[in-house]
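Okay, so here's the structure we're looking at.
There are 2 protein chains.
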Amino acid sequence: MKALTASVIVFSTICLTATHAQAEVRNEPIKVIEPYVSESPEKVELGKQLFFDPRLSMSGIISCNTCHNLSYSGTDNLKTSIGHKWQAGPVNSPTVFNSSLQIAQFWDGRALDLKEQAAGPIAANVEMAMPHTLAVDVIQSIPGYRSQVEAVYGTNQVTLDHITDAIAEFEKTLVTPNAPFDRWLQGDDNAITEQQLAGYQLFKQAGCVACHYGEALGGKSFMKMGLVQPYESDSPSQGRYDVTGKEIDRFMFKVPTLRNVAITYPYFHDGAANTLEEATQIMGQLQLGRNFTKDELANLVAFMESLTGERPKISLPLLPPSGENTPRPNPFQ
Amino acid sequence: MKALTASVIVFSTICLTATHAQAEVRNEPIKVIEPYVSESPEKVELGKQLFFDPRLSMSGIISCNTCHNLSYSGTDNLKTSIGHKWQAGPVNSPTVFNSSLQIAQFWDGRALDLKEQAAGPIAANVEMAMPHTLAVDVIQSIPGYRSQVEAVYGTNQVTLDHITDAIAEFEKTLVTPNAPFDRWLQGDDNAITEQQLAGYQLFKQAGCVACHYGEALGGKSFMKMGLVQPYESDSPSQGRYDVTGKEIDRFMFKVPTLRNVAITYPYFHDGAANTLEEATQIMGQLQLGRNFTKDELANLVAFMESLTGERPKISLPLLPPSGENTPRPNPFQ
Ligand code: HEC
Ligand code: HEC
Ligand code: HEC
Ligand code: HEC
Ligand SMILES: [Ca+2]
Ligand SMILES: [Ca+2]
Numbered sequence: 003m004k005a006l007t008a009s010v011i012v013f014s015t016i017c018l019t020a021t022h023a024q025a026e027v028r029n030e031p032i033k034v035i036e037p038y039v040s041e042s043p044e045k046v047e048l049g050k051q052l053f054f055d056p057r058l059s060m061s062g063i064i065s066c067n068t069c070h071n072l073s074y075s076g077t078d079n080l081k082t083s084i085g086h087k088w089q090a091g092p093v094n095s096p097t098v099f100n101s102s103l104q105i106a107q108f109w110d111g112r113a114l115d116l117k118e119q120a121a122g123p124i125a126a127n128v129e130m131a132m133p134h135t136l137a138v139d140v141i142q143s144i145p146g147y148r149s150q151v152e153a154v155y156g157t158n159q160v161t162l163d164h165i166t167d168a169i170a171e172f173e174k175t176l177v178t179p180n181a182p183f184d185r186w187l188q189g190d191d192n193a194i195t196e197q198q199l200a201g202y203q204l205f206k207q208a209g210c211v212a213c214h215y216g217e218a219l220g221g222k223s224f225m226k227m228g229l230v231q232p233y234e235s236d237s238p239s240q241g242r243y244d245v246t247g248k249e250i251d252r253f254m255f256k257v258p259t260l261r262n263v264a265i266t267y268p269y270f271h272d273g274a275a276n277t278l279e280e281a282t283q284i285m286g287q288l289q290l291g292r293n294f295t296k297d298e299l300a301n302l303v304a305f306m307e308s309l310t311g312e313r314p315k316i317s318l319p320l321l322p323p324s325g326e327n328t329p330r331p332n333p334f335q
Numbered sequence: 003m004k005a006l007t008a009s010v011i012v013f014s015t016i017c018l019t020a021t022h023a024q025a026e027v028r029n030e031p032i033k034v035i036e037p038y039v040s041e042s043p044e045k046v047e048l049g050k051q052l053f054f055d056p057r058l059s060m061s062g063i064i065s066c067n068t069c070h071n072l073s074y075s076g077t078d079n080l081k082t083s084i085g086h087k088w089q090a091g092p093v094n095s096p097t098v099f100n101s102s103l104q105i106a107q108f109w110d111g112r113a114l115d116l117k118e119q120a121a122g123p124i125a126a127n128v129e130m131a132m133p134h135t136l137a138v139d140v141i142q143s144i145p146g147y148r149s150q151v152e153a154v155y156g157t158n159q160v161t162l163d164h165i166t167d168a169i170a171e172f173e174k175t176l177v178t179p180n181a182p183f184d185r186w187l188q189g190d191d192n193a194i195t196e197q198q199l200a201g202y203q204l205f206k207q208a209g210c211v212a213c214h215y216g217e218a219l220g221g222k223s224f225m226k227m228g229l230v231q232p233y234e235s236d237s238p239s240q241g242r243y244d245v246t247g248k249e250i251d252r253f254m255f256k257v258p259t260l261r262n263v264a265i266t267y268p269y270f271h272d273g274a275a276n277t278l279e280e281a282t283q284i285m286g287q288l289q290l291g292r293n294f295t296k297d298e299l300a301n302l303v304a305f306m307e308s309l310t311g312e313r314p315k316i317s318l319p320l321l322p323p324s325g326e327n328t329p330r331p332n333p334f335q
């Protein structure tokens, strides 16, 4: 009996470590990222295939991964994205890494969650330019997708809802835990350098943390870009004003996550800042009315570099072959 | 001593099975594909990263994988490829699966091997549009590439030669063994259907095998497209004539591999045939002066469907972050 109890305890401890990262031992406004464990690995696999499938675009060559490159930063690292027919989009592509940790999606928050979000780019003319009915027809026509939808959703009549739900479930797995800063939060004093620690102290003391807090250091609120001093941009976006039409929302943007920010250049909704140093200087001036010294800037940047986490290890999906009646792409439409 | 010998024998047997597929037991003009085992896994890994890296393109969004999608067929499945600034290329993109099994690269054979080939698309204006010196500068500026080049080639001065050599080594791993037809060649009578077997017999008897033979069912010779009856195409390509300038080479194309041909639609150097049935009918008429019946066509297509092999299982590479001085992409240049 005693032996049995002991092994039950061991077993449940293992389960715990498998599903939860060690919590932070330091009490800070920034929290560690926990790995996400899906209850439906089949749904994740289906969503992964769809994320990588260029057949969801009119041209046949653009997938979600084109603009949110999971090999690198979860973005395309362009000022503004390039989509169907080489059209330049109006705003910078945010990373999909840790996007599930936000209260809303898009710079202006016009989608409530990842599922609602995923319908957008498929049909958007400057992105994948694929009418939703055609996207559904394509997936429905591919035997290997039909059978997966059947297994996950219990019907072989594919809907847009299945497509976006599966993609969203896959995206939830795209968290990047175990950044040096997370290990510091968990009690490892040597996980970050002295300079990074100094940067973090300034980050709190200067007030960056008022907007960039929580697991994602952002993603939890909308704030005005250009609080103290106005921001000048050549982008047409007016932030949340475009969604609500209320004057008070003009130039309110979702505070972006600073997770992996060292590799998600260029910065801001218009992609106008090329380096982290430049973005930080602008933040200081426009949001806090403060001019950082060269050393202060270097410390803040060093701190943000400690936020680069472990990118998910993903096996390249093998996409199910098209069926006889799968509509063919039309790159010049 | 006896035990030792026995285990040595067991060990070497395992090694053998690990590096060689079981040879065919049937004596046929088509041979099984053997898996490729590289002597330098580090070089393969470096080549894989480069294959997936869009920083090798002027726009920052096109990688080798854009036009040779390893998630699907090793091609882009377009009539002709779309490259930098949405330009349509002159010819159909061939699959990179099993391309190492060919005597030369490109439809007109203008590159002798994969290493020579890889330099082409990087600089080609309708593909990645990236001057070679800039491509080398980009790779040289990325610390994680510099260290890998150092480990593989013993110098941290990156050259174009390193880039193309590593990509070529990765491409050699992209073979697709174990197709149903390979298992039939290895003696498994049930690996293919009666219809597929009938199709194979017709494939030999009609004379397809005169051009489509060997491991890759093609890739071993240049043949005239339109041997019996001329082929009409809107493509500017004149085949090997474009390379040699000799009249005799006009419209001579490298016989393409039929491995995985069921998923490498559309067909021919100009991508003009949409289905395998259509391509087969044209081959019969133009190369052999023969009109296949509906049943004959169905059998030939069924046989070719038995040539879809196991696509390599690839883990998505995690690309090394850009350095401070890494040149940024210029999508509209
Ligand atoms: C042509 C480029 C392009 C393609 C293709 C594309 N996206 Fe995006 N994505 C963007 C841009 C640009 C934005 C920002 C738009 C905005 O905020 O108004 C964005 C925003 C997002 C967001 C919100 C992130 C955040 O923090 O607010 C998510 C999630 C996302 N995309 C996922 C996807 C998925 C899933 C697909 C495929 C179904 C996809 N994207 C296809 C460029 C693209
Ligand atoms: C009042 C709220 C607020 C404060 C304070 C603030 N930020 Fe921001 N931060 C934002 C918003 C909103 C954006 C997005 C602005 C845009 O894209 O137009 C942003 C963007 C950024 C970006 C660019 C991220 C990206 O991916 O594009 C960085 C880096 C950044 N902030 C760092 C800082 C630092 C460092 C501080 C302190 C010196 C700071 N922020 C203070 C709200 C704030
Ligand atoms: C914009 C599309 C595009 C890009 C990007 C591209 N290719 Fe290609 N590739 C093609 C086309 C089209 C051909 C056929 C050209 C010809 O035969 O004249 C081709 C031919 C090839 C071949 C010869 C295959 C055969 O059977 O003859 C190989 C190998 C290859 N590419 C590998 C690569 C590598 C490696 C890269 C990246 C360094 C790359 N390609 C980038 C479109 C592309
Ligand atoms: C005399 C040589 C020759 C014979 C005989 C021949 N082929 Fe071909 N085959 C070629 C060449 C050359 C091409 C490429 C033509 C082009 O792209 O313009 C080709 C292309 C093909 C393609 C398209 C492959 C692709 O990926 O685009 C298929 C399918 C095919 N052949 C099947 C057959 C079948 C089935 C037969 C017998 C009925 C046959 N071939 C007989 C030389 C031959
Ligand atoms: Ca960015
Ligand atoms: Ca083809």
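Sequence lines, in order, name chains X and G.
To convert, count from 1 in the first sequence and add 2; that's this note's numbering.
To convert, count from 1 in the second sequence and add 2; that's this note's numbering.
Quick reminder that beta carbons are idealized off the backbone N, C-alpha and C, glycines included.
Below-8 Å beta-carbon distance, residue i vs any chain X residue
i	result
Ile-265 (chain G)	yes
Tyr-202 (chain G)	no
Thr-77 (chain G)	no
Thr-2 (chain G)	In this structure chain G extends from 3 to 335, so residue 2 (chain G) is not present and cannot be described.
Ile-84 (chain G)	yes
Leu-321 (chain G)	yes
Tyr-339 (chain G)	Nothing can be reported for residue 339 (chain G): it is not among the residues displayed for chain G, which extend from 3 to 335.
Cβ neighbours of residue i in the same chain (closer than 7 Å, five flanking residues each side left out)
i	result
Gln-51 (chain X)	Pro-319 and Leu-321
Leu-299 (chain G)	Glu-279, Thr-282 and Gln-283
Separation of residue j from residue i, as counted between CA atoms
i	j	result
Leu-201 (chain G)	Cys-210 (chain G)	In the sequence under discussion, the amino acid at residue 201 (chain G) is Gly, which differs from the Leu named in the question. Each residue's Cα considered, the two are about 11 Å apart.
Met-132 (chain X)	Thr-68 (chain X)	15 Å
Pro-329 (chain G)	Glu-41 (chain X)	43 Å
Met-306 (chain G)	Lys-81 (chain G)	20 Å
Ser-65 (chain X)	Pro-333 (chain G)	18 Å
Ile-32 (chain G)	Asp-55 (chain X)	33 Å
Glu-326 (chain X)	Val-140 (chain X)	11 Å
Arg-148 (chain G)	Gln-159 (chain X)	50 Å
Ala-218 (chain X)	Ser-95 (chain X)	17 Å
Lys-336 (chain G)	Pro-37 (chain G)	Past the edges of chain G, shown from 3 to 335, lies residue 336 (chain G), and the structure says nothing about it.
Pro-331 (chain G)	Thr-135 (chain G)	14 Å
Gly-189 (chain G)	Val-39 (chain G)	24 Å
Gly-76 (chain G)	Gln-240 (chain X)	42 Å
Residues near residue i by beta carbon distance below 6 Å, same chain, minus five either side
i	result
Lys-45 (chain G)	Val-154, Ala-168 and Glu-171
Pro-182 (chain G)	Ala-193, Ile-194 and Ser-308
Tyr-243 (chain X)	Asp-251 and Arg-252
Glu-129 (chain X)	Gly-85 and Pro-123
Ala-286 (chain G)	As written in the sequence, residue 286 (chain G) is Gly, which differs from the Ala given in the question. Correct list, in chain order: Arg-292 and Phe-294.
Unbroken alpha helix (DSSP H) run spanning residue i, endpoints
i	result
Phe-172 (chain X)	162–174
Met-285 (chain X)	278–290
Phe-53 (chain G)	43–53
Phe-183 (chain X)	182–187
Phe-305 (chain X)	296–307
Lys-117 (chain X)	116–125
Contacting residues, own chain, Cβ-Cβ under 8 Å from residue i (five flanking each side not counted)
i	result
Thr-178 (chain G)	Ile-35, Phe-99, Asn-100, Arg-261, Asn-262, Thr-310, Gly-311, Glu-312, Arg-313 and Pro-314
Gln-104 (chain G)	Ala-218, Gly-220, Gly-221, Lys-222, Lys-256 and Thr-259
Residue i at chain G interface by Cβ criterion, 8 Å
i	result
Pro-96 (chain X)	no
Phe-172 (chain X)	no
Asn-71 (chain X)	yes
Leu-80 (chain X)	yes
Thr-49 (chain X)	As written in the sequence, residue 49 (chain X) is Gly, which differs from the Thr given in the question. For Gly-49 (chain X), the answer is no, since every Cβ of chain G falls outside 8 Å of its Cβ.
Ser-149 (chain X)	no
Lys-296 (chain X)	no
Arg-252 (chain X)	no
Thr-68 (chain X)	yes
Tyr-215 (chain X)	no
Leu-318 (chain X)	yes
The beta strand (DSSP E) enclosing residue i, as first and last residue numbers
i	result
Phe-224 (chain X)	224–226
Phe-334 (chain G)	Taken as a continuous stretch (DSSP letters only), Phe-334 (chain G) belongs to no beta strand (DSSP E), as it is neither H nor E.
Open item on the list: Tell me whether the region 265–276 of chain X and the region 229–243 of chain X touch, counting them as touching only if at least three CB pairs, one residue from each stretch, are closer than 8 Å.
Closed with: yes
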